[in-house]
Structure formats: C-alpha cells, structure tokens
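**Student:**
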Amino acid sequence: MRPAVDRGGVPVVPGAPPVSRPGHFLHPGAVGLDVTRRYAAVRQAVAWCYRGGSISAEPRINDRIRVPEVRLVGPSGEQVGIVPLAKALELAQEYDLDLVEVAATARPPVCKLMDYGKFKYESAMKAREARKNQAHTVIKEMKLRPKIDPHDYDTKKGHVVRFLKQGDKVKITIMFRGREQSRPELGFRLLQRLASDVEDLGFIESNPKQDGRNMIMVLGPHKKKTEAMAEAREAQAARKAGRQGTTDAPSEGETAEAPADASEAPAETPSEA
Numbered sequence: 079m080r081p082a083v084d085r086g087g088v089p090v091v092p093g094a095p096p097v098s099r100p101g102h103f104l105h106p107g108a109v110g111l112d113v114t115r116r117y118a119a120v121r122q123a124v125a126w127c128y129r130g131g132s133i134s135a136e137p138r139i140n141d142r143i144r145v146p147e148v149r150l151v152g153p154s155g156e157q158v159g160i161v162p163l164a165k166a167l168e169l170a171q172e173y174d175l176d177l178v179e180v181a182a183t184a185r186p187p188v189c190k191l192m193d194y195g196k197f198k199y200e201s202a203m204k205a206r207e208a209r210k211n212q213a214h215t216v217i218k219e220m221k222l223r224p225k226i227d228p229h230d231y232d233t234k235k236g237h238v239v240r241f242l243k244q245g246d247k248v249k250i251t252i253m254f255r256g257r258e259q260s261r262p263e264l265g266f267r268l269l270q271r272l273a274s275d276v277e278d279l280g281f282i283e284s285n286p287k288q289d290g291r292n293m294i295m296v297l298g299p300h301k302k303k304t305e306a307m308a309e310a311r312e313a314q315a316a317r318k319a320g321r322q323g324t325t326d327a328p329s330e331g332e333t334a335e336a337p338a339d340a341s342e343a344p345a346e347t348p349s350e351a
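Numbers given in the working numbering equal positions in the sequence shown, counted from 1, plus 78.
(1) Threshold first: 4 residues or longer. Then list the alpha helix (DSSP H) segments lying entirely within the region 129-194, N to C.
(2) Measuring alpha carbon to alpha carbon, tell me which residue in LEU264, ARG142, ARG206 and ILE294 is nearest LYS221.
(3) Kindly give me the distance between the Cβ atoms of VAL248 and LYS287, rounded to whole angstroms, as I take these residues to be in contact under 8 Å.
(4) So VAL276 packs on LYS235, CB below 8 Å; how close in whole Å?
(5) Are at least three pairs of beta-carbons, each pair with one atom in the region 225-234 and one in the region 190-210, less than 8 Å apart?
(6) Keeping to the same chain, check which residues put their C-beta closer than 6 Å to that of ILE282; ignore five residues upstream and five downstream.
(7) MET220 bridges to which residues according to DSSP?
(8) On the three-pair Cβ rule with 8 Å, is the region 242-257 touching the region 289-309?
(9) When we look at the beta-carbon of ILE160 and count the other beta-carbons within 10 Å, is it buried (16 or more) or exposed?
(10) Which residue comes first and which comes last in the beta strand (DSSP E) that contains GLU283?
(11) Does the distance from the CB of PRO299 to the CB of LEU264 come in under 7 Å?
(12) Using DSSP bridges, identify the partner residues of PRO299.
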C-alpha cells in the first residue's frame, strides 16, 4: 500500500500539522521542524498584536514595573537617584502617589512619583485644547459661469469674502459650455475682476489656468487660520458680553418710578430740641 501524499508529493502523516511543498521555508526539510515551529509562534504573536493584543501605549505603573532598580524622580521634579524598585514603591506608598515609568528605554528606566489619575486628566485637557486651537487648512470651492448675472456675482463674491475672512483658501472655477470654450478671455476677465474685488482679504495664490472645460484660480487669505479663529472667538465673547449688559440694565419704567417715589415720600419733621 502506497503512503498518502499531498499535491507537492510530501507524505501525509496522520495527526501531524500540515506542511507545505518541498523548498518552502515552512517545509521541515528546508529549515528544520524546530525552526518552523518557532517561526509559527512568532507569526502568531505578531498576529495577536495586530488584533489589539497585550501591547499598550499606557506607561507601566506601580506593580507592573518589572526591573530590579529605577532612576527615581521626586514629586517636585527633584532627582532622587538610582534606588531599588522595592524602595521606590515604598516611597510611593509613603507619599500616597503612583510610581510611573516615564522613560522605559533608559538604563535603568526612569520613574517618577506622581498622581497618575490627575496626570492623565491634565494630559487629556491639554490635548483637547490643542485640538480646539489647531488650524486645519480648508480649500473651499466656488463655481461661476462666464456670463453670470450681476446679482449672482454679488452673491458668489459674498461667499468668497466670508471664506477668506475665516482664513480658508478658495478655489474659483469658471465652467465653460458649448461655444463659450472658444472665449476663454471671458473667464479670465471674470477671475481678474473677482480677485481685484477681494484684494483686501486675499491674494492670487494660483494664477488662472485652463483645465479642460474649466478655468481654475486659487485665492489665499492674507491672515492665517489661527488669527481668524482668535478674532471670531473675541467677537463672540463681545457679543455675549453685550447681551448680558443689556439684560442687566434697568428698564425705562423702573428708572422713571424711582424719582416719583422719592417725591411722594413725606419729608422728615425736624426733631424738637
């Protein structure tokens, strides 16, 4: 009876793990069965990490630190020196703080005494403020026709002015249809007119150029996005303060009643000596 073989001609042993064809790096005859098993274990570990395994971005704290000694930094930033891990944990308990590993690649690792919960909260608040103040460059697009109506032109120009005030770039596209493609100078004059109308707020970043049936020009704002955001916040705060001021101010009826009540009040009689 002939032994069973797979498609590559490798004998199939009942109960043995499947192997590949001869010459493949997973074949036992190529690198050895021991190396193949170790490679499989490494590949499984890598796959586990990509699936969200045990690797974490959080620093090790307290009992999770597995080194014999650490370079310790005090709560106020003072250098304590290299101390055994047990001594560092004892100091953390004494100060009612956490022992946090801040530099794991150093030899020995650098650890600091801190309130880890408070540290995480402050870091999250700083990241939130950074995202809030972060300026994202946005390119708005406005499409026009060569024979645009004057009222429509004013409306489109108003949108361009608003975008430039916000600190955004504006891509102006002139769309040609039919016989209009033989008159590109109409679109060029329209783009030049729009650029001259908004020259106080923006400049021509990309000169008009023909792109198929369209002519494109890019306008850039004079002020940065961060400056526009700061001005918008200041204007919003001023409007809010103005609304509060009008709410707290007394009404006309109340101011008129005050002197009337004062006049109706009886005058005090002089006391007898």
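Cβ atoms here follow ideal geometry from the backbone N, Cα and C, with glycine treated the same way.
**Tutor:** On the basis of the supplied data:
(1) 163-173
(2) ILE294
(3) With 8 Å as the limit, VAL248 and LYS287 do not qualify as a contact, their Cβ atoms being about 16 Å apart.
(4) 7 Å
(5) no
(6) ALA273
(7) ILE250
(8) yes
(9) exposed
(10) 280-289
(11) no
(12) GLY280
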